[in-house]
Amino acid sequence: MLGLFQEFAHNQASSGIVLLACVIVAIVWANSPLGSSYYDLWHLHVAVRFGDFVFDKPLEYWINDGLMAIFFFVVGLEIKREVIAGELASPRKAMLPIMAAIGGMLVPAAIFLWFNFDGPGQRGWGIPMATDIAFTLGVMAVLGSKVPTPVKVFLTAVAIVDDIGAVLVIAIFYSSGISLMALGIASVFVALLIAANRLGIRSTLVYIILGACGLWPAFIVSGVHPTVAGVIAAFTIPVRRRIDSAEFTNLSRVYIDEFAQASGDGESLLANEEQVSLMRSIERTALGAQSPLQRFENTLHPWTVFGIMPLFALANAGVAINADLASFVEEPVAQGVALGLFVGKPLGIVLFSVVAVWLGLAVLPNRVHWLHVLGAGCLAGIGFTMSLFIANLAVGGTELLEAAKVSILVGSLLAAVLGWMIFQIAPKMGRSQGDK
């Protein structure tokens, strides 16, 4: 379990570097003499035609509503994995990150509303609620041993619960013009996906067809944001394997022994037909020992963290920073977002964690000090990707979007710096002898 988490964290940390590079490119591009080409590119229309049917949308739409549906599908897979066999599987273990995440969502939203209640930007209360796990794990990777592994696991679990909250917020509060007929069609495809699971169908192609060709288009016209379709589809993916560990071990051993016998007296440059057949049998056995959920996650995760998320950042992080930067600082939306991320996130996570431990609902993990929780709360204030996504839903198409983008960058940067500073002193406290 720990090895899988470390591999996951390493990949996410690497993607954080790619994300940061795309953010810098987007900002420099938007503020360069070629700035107009930045906006022109993402508003370039791309059409898909099926006979007389034409679906014509700007490139920005295909990224934010199309590719990000795949991102949310992977998020859904990670949520399901954590709930079934991860940090959220045990109620006792899950209570601390659940309470921390709730605090990390409610307090930033409250701070935002303090500045924007009944104002034109009130709808943006969901912007500072989000956590960007890729950037967060990237910072923790750079900090290295200064962040104990239990803290990394805790913060990852908080981010997973945070993702659940973000999906619910998007589905309930940032959807409009609901079509009951379209939702009825979507429910049919959900039922088909569940039926495929119950019938023991393990072919990923079946779930791709039902999800991408049925569920996602239905959500597009339903009024509910189509990225929610990705999460719902993920929850229907089977987690049971066709071949268990014991059977996999026995079959693999038989195939390997037969492969050795098939090699003959000498070693050839090319495998013979019998060896090739046995290698294919081993591949099929290995494939059967993985659940469809694992196959989907292993296949899509690299494409998501190194392709979709950086592309989303490149398309959405560009903001023209003119000389009148002070006007952004005075904007209530900017104040609510920046303070929500920088102050609200750590305050909410620490406060609700303290309450959970005080009430006996949860216990602080071994080797974790409250200063570590504060540092984790600060790093959770790096809202970047998810905050930008919600900003587009909440205030997209208005003049407030630019202010929201600037404040997301500022608030996330301040949260990262403060978290970095806290973890510089945190190793002196709450650590066991083996961690010195």
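Using the numbering used here, you'd call the opening residue of the sequence shown number 1 and step up by one each time.
Positions of the beta carbon are idealized from the N, C-alpha and C atoms, including for glycine.
Self-check item: Pair within 8 angstroms by beta-carbon distance, Ala-69 and Gly-200
Solution: As a position in the sequence shown, residue 69 is number 69, starting the count at 1. As a position in the sequence shown, residue 200 is number 200, starting the count at 1. At the C-beta level, Ala-69 and Gly-200 stay beyond 8 angstroms of one another.
Quiz prompt | 8 angstroms contact criterion, which Trp-420 and Leu-143 should meet: CB distance rounded | solution = Within the sequence shown, numbered from 1, the residue matching residue 420 stands at position 420. Within the sequence shown, numbered from 1, the residue matching residue 143 stands at position 143. In this structure Trp-420 touches Leu-143 by the C-beta definition: roughly 7 angstroms separates them, less than 8 angstroms.
Self-check item: Rounded separation between Asp-435 and Pro-217 - CA only
Solution: In the sequence shown, residue 435 corresponds to position 435, counting from 1. In the sequence shown, residue 217 corresponds to position 217, counting from 1. Unreliable positioning characterises Asp-435 in this predicted model, as indicated by a pLDDT of 42, which lies under 50. The coordinate reading is nonetheless provided below. About 51 angstroms.
Self-check item: Per-residue burial, Leu-203 [other beta carbons within 10 Å of its own, 16 or more giving buried]
Solution: On the sequence shown, position 203 is the one that residue 203 refers to. A quick correction: the sequence has Ser, not Leu, at residue 203. Ser-203 comes out exposed.
Quiz item: Per DSSP, what kind of secondary structure is Val-254 in: helix, strand or coil?
Solution: Locating residue 254 in the sequence shown gives position 254, where the first residue counts as 1. Residue state for Val-254 is assigned as helix, using DSSP reduced to three classes.
Exercise. Spatial neighbours of Gly-16 within its chain, please: CB distance less than 6 angstroms, with the 5 preceding and 5 following residues excluded, ordered by chain position.
Key: Numbered from 1 along the sequence shown, position 16 holds the residue referred to as residue 16. Ala-134, Phe-135, Gly-138, listed in sequence order.
Quiz item: When burial is assigned at 16 or more other CB atoms within 10 Å of the CB, is Gln-261 buried or exposed?
Solution: Locating residue 261 in the sequence shown gives position 261, counting from the first residue. The residue is exposed, with fewer than 16 neighbouring Cβ atoms inside 10 Å.
Exercise. Label Ser-432 either buried or exposed according to how many other C-beta atoms from any shown protein chain fall within 10 Å of its C-beta, with 16 as the threshold for buried.
Key: Here residue 432 refers to the residue found at position 432 of the sequence shown. Unreliable positioning characterises Ser-432 in this predicted model, as indicated by a pLDDT of 41, which lies under 50. A coordinate reading is not provided.
Quiz prompt | Assumed close pair Val-158, Gly-104 - CB separation to whole angstroms, cut-off 8 angstroms | solution = Residue numbering aside, residue 158 sits at position 158 when the sequence shown is read from its first letter. Residue numbering aside, residue 104 sits at position 104 when the sequence shown is read from its first letter. Between Gly-104 and Val-158 the Cβ distance is about 7 angstroms, and since that is below 8 angstroms, they are a contact.
Quiz prompt | Pairwise C-alpha distance: Val-333 and Asn-64 | solution = Taking the first residue of the sequence shown as 1, we reach residue 64 at position 64. Taking the first residue of the sequence shown as 1, we reach residue 333 at position 333. When rounded, the distance between both Cα atoms is 22 angstroms.
Exercise. Report buried or exposed for Gln-335, applying the criterion of at least 16 other Cβ atoms within 10 angstroms of its Cβ.
Key: Start at 1 with the first residue of the sequence shown, and residue 335 comes out as number 335. Buried is the call here.
Practice problem: Go ahead and pull the three-state DSSP assignment for Phe-53. | Solution: Position 53 of the sequence shown, counted from the start, is the residue given in the question as residue 53. Here Phe-53 carries a strand assignment [DSSP, helix/strand/coil].
Practice problem: Can you tell me which of the three DSSP states His-45 falls into? | Solution: Counting from one through the sequence shown, the residue named residue 45 turns up at place 45. In this structure, His-45 counts as strand in the three-state DSSP scheme.
Self-check item: Spatial neighbours of Leu-388 in its chain, beta-carbon cut-off 8 angstroms, leaving aside the 5 residues before and after
Solution: Here residue 388 is taken as the residue at index 388 of the sequence shown, counted from 1. For Leu-388, where only same-chain residues beyond five positions count, the Cβ hits under 8 angstroms are Phe-312, Ala-313, Asn-316, Ala-317, Lys-405, Ile-408.
Quiz item: What separation, rounded to the nearest whole angstrom, lies between the Cα atoms of Ala-289 and Val-417?
Solution: On the sequence shown, position 289 is the one that residue 289 refers to. On the sequence shown, position 417 is the one that residue 417 refers to. Their backbone Cα atoms lie some 43 angstroms apart in a straight line.
Quiz item: Can you tell me whether DSSP reads Ala-416 as helix, strand or coil?
Solution: Position 416 of the sequence shown, counted from the first residue, corresponds to residue 416. Of the three classes helix, strand and coil, the one that applies to Ala-416 here is helix, per DSSP.
Quiz item: Expressed to the nearest angstrom, what Euclidean distance is found between the alpha-carbon atoms of Val-239 and Val-161?
Solution: Mapped onto the sequence shown, residue 239 falls at position 239. Mapped onto the sequence shown, residue 161 falls at position 161. For Val-239 and Val-161, the distance between alpha carbons rounds to 20 angstroms.
Quiz item: Apart from the five residues on each side of it in sequence, which residues of its chain come closer than 8 angstroms, Cβ to Cβ, to Asp-244?
Solution: Against the sequence shown, residue 244 aligns to sequence position 244. Answer for Asp-244: Ala-289, listed in chain order.
Quiz item: Would you say Gly-126 and Phe-73 are within 8 angstroms of each other, going by their C-beta atoms?
Solution: Here residue 126 refers to the residue found at position 126 of the sequence shown. Here residue 73 refers to the residue found at position 73 of the sequence shown. For Gly-126 and Phe-73, no; Cβs fall outside 8 angstroms.
Exercise. Go to Leu-34, then tell me how far its alpha helix (DSSP H) extends in each direction, as first and last residue.
Key: Start at 1 with the first residue of the sequence shown, and residue 34 comes out as number 34. Neither: Leu-34 is in no alpha helix (DSSP H) and is coded neither H nor E.
Exercise. Using three-state DSSP, classify Pro-58 as helix, strand or coil.
Key: On the sequence shown, residue 58 is found 58 positions in, with the first residue counted as 1. The three-state reading of DSSP puts Pro-58 in strand, counting E and B together.
Self-check item: Buried or exposed by the 16-neighbour rule on C-beta atoms within 10 Å, applied to Glu-297
Solution: Position 297 of the sequence shown, counted from the start, is the residue given in the question as residue 297. Flag for Glu-297 reads buried.
Quiz prompt | Among Leu-371, Leu-414, Val-410, Gly-377, nearest to Gln-424 - alpha-carbon criterion | solution = Here the question's residue 424 lines up with position 424 in the sequence shown. The alpha carbon of Gln-424 has as its nearest neighbour, out of Leu-371, Leu-414, Val-410, Gly-377, the alpha carbon of Leu-371.
Quiz item: Which same chain residues, not among the five before or five after Phe-112, have their C-beta less than 6 angstroms away from its C-beta?
Solution: Position 112 of the sequence shown holds residue 112. Hits under 6 angstroms: Trp-125, Pro-128, Gly-336, Gly-340.
Quiz item: What's the C-alpha gap between Ala-338 and Val-410?
Solution: As a working note, residue 338 is residue 338 in the sequence shown. As a working note, residue 410 is residue 410 in the sequence shown. Their backbone Cα atoms lie some 6 angstroms apart in a straight line.
Quiz item: Going by C-alpha distance, which of Ile-209, Ala-186, Pro-226 is nearest Gly-66?
Solution: Residue numbering aside, residue 66 sits at position 66 when the sequence shown is read from its first letter. Of Ile-209, Ala-186, Pro-226, the residue nearest in Cα terms is Pro-226.
Quiz item: What are the boundary residues of the alpha helix (DSSP H) that includes Ala-362?
Solution: The residue labelled residue 362 in the question sits at position 362 within the sequence shown. Run containing Ala-362: none; DSSP gives neither H nor E here.
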